Amino acid sequence: MLRAATAVLCMAAFTLPAAAADYVTVPGGSYSSVLPPDGKFAPAVVAAFRLRTLPVTNGEFLDFVRANPQWARFRIASLFADGQYLSHWAGPLSLGGAGRNQPVTHVSWFAAEAYCESEQARLPTWYEFEYAAASDESHADARGDEAWREHILDWYSRPSTTALPDVGSTPKNFYGVYDMHGLIWQWCQDWYDPNYYKVSPVDDPTGPAQPVPAGDKIDRKVLRGGSWDGFPAEARSAIRMESREPQGQAQNWGFRVVIACTPEEIKEAAKAAGTVPKGR
């Protein structure tokens, strides 16, 4: 049923937003993933991609819903979202106390994917997210830097009862991207399949083509990033994954957007950045 819903979503027509957000090109390369694509030690190779510098905000998602009212609360099909979808907004087309510059939350995977399609884009894959999230402000791969880990832990020293921060609240990383750690969990393109990452292609793995039901027999999509009200360990780039049913939502689930690079752009990005592999 969920696979059929995904097919219907891909055929839907959307009104494009009036203005696109900022994107940066992440040059790609090879790196040692916490989930090696051969299940052992093989590095993953990620092609260049364009990543949104910030998660999608309440204000931006409101503009999308106004242009595409089939994704408004109370109008969205139950196949695509549960009853708490956008429940933090005052109404279907009103934010109320939800800050316009806060990341949109209480949003299902299907709604996130629909927004991406409205920008002629998609959600990031597991490996793209991990690759971009491994950097700090000055290094492409900071995973071995104790100071970087301490910096992430400091973010969690604030009480979890505080309001959800606006996007851009964390320092931008090496690529110019904000909020990859600890603001919200962020939907990825991948279906959940715990065995895929043991036998996936080494070059630019895109995630399982179809879901493999978890122990509770529910098809799931992957989330990454950790959230402002979670545990510090959840924000590490090496955290393996969170997975939830794609019509679900929560107060700390949101998303950001990826635009695929053309083959020519991939070559130019590789030439500009060099081909230095990322270590563990």
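Take the sequence shown: its letters are residues 0 to 279, numbered as in numbering that gives the first Met the number 0.
Just so you know, even glycine gets a beta-carbon here, dropped at the ideal spot from N, CA and C.
These figures come from a predicted structure and were not determined experimentally.
Between the CA atoms of residue j and residue i - distance to the nearest angstrom
i, j, result
"Ser134", "Val44", "16 angstroms"
"His180", "Gly224", "5 angstroms"
"Val49", "Ile258", "The identity of residue 49 in the sequence shown is Arg, whereas the question assumes Val. Cα to Cα, the separation comes out at about 5 angstroms."
"Ala191", "Ala271", "The amino acid at residue 191 is misidentified as Ala; the sequence shows Tyr. One C-alpha to the other measures close to 34 angstroms."
"Ile183", "Gly28", "26 angstroms"
"Pro200", "Pro42", "10 angstroms"
"Asp144", "Pro26", "22 angstroms"
"Pro245", "Tyr174", "29 angstroms"
"Ala268", "Ala139", "14 angstroms"
"Val198", "Pro204", "10 angstroms"
"His105", "Ala162", "15 angstroms"
Residue burial classification, residue i (beta-carbon count within 10 angstroms, cutoff 16)
i, result
"Arg279", "With a pLDDT of 38 at Arg279, under the threshold of 50, the modelled position of that residue is not reliable, and the figure given next carries that caveat. Answer is exposed; the Cβ neighbour count stays below 16."
"Trp63", "It is worth fixing the name first, because residue 63 is Phe in this sequence and not Trp. Buried."
"Gly206", "buried"
"Gly95", "exposed"
"Ala132", "buried"
"Asn251", "buried"
"Gln101", "buried"
"Arg219", "buried"
"Ala141", "buried"
"Ala208", "exposed"
"Phe73", "exposed"
Boundaries (first-last residue) of the alpha helix (DSSP H) holding residue i
i, result
"Leu61", "Asn57 to Ala66"
"Tyr126", "Trp125 to Ala132"
"Ser117", "Trp108 to Ser117"
"Ala269", "Pro262 to Ala272"
"Val198", "Tyr195 to Val198"
From the options, residue whose alpha carbon lies closest to that of residue i
i, options, result
"Glu263", "Phe128, Ala97 and Ala46", "Ala46"
"Ala111", "Cys187, Thr169 and Phe128", "Cys187"
"Asn172", "Leu34, Tyr191 and Glu136", "Glu136"
"Cys115", "Ala66, Phe254 and Arg72", "Phe254"
"Gln83", "Ser117, Tyr30, Gln248 and Cys260", "Gln248"
"Trp125", "Leu34, Ala141, Phe60 and Ser107", "Leu34"
"Gly98", "Pro210, Glu129 and Leu61", "Leu61"
"Pro193", "Pro36, Thr24, Asn57 and Ser31", "Pro36"
"Pro91", "Leu222, Asp189, Ile265 and Gly58", "Gly58"
"Thr52", "Thr261, Cys260 and Val256", "Val256"
Cβ of residue i within 8 angstroms of any chain B Cβ
i, result
"Leu122", "Protein chains in the displayed structure number just one, and chain B is not present."
For residue i, the first and last residue of its enclosing beta strand (DSSP E)
i, result
"Tyr22", "Tyr22 to Val25"
"Val257", "Val257 to Ala259"
"Trp190", "Trp184 to Trp190"
"Val221", "Lys220 to Arg223"
"Tyr177", "Premise fails: Tyr177 is in no beta strand (DSSP E) and is neither H nor E."
Residue i beta carbon near the ligand SAM (any heavy atom closer than 7 angstroms)
i, result
"Gln248", "This structure lacks the ligand SAM; in fact it carries no ligand of any kind."
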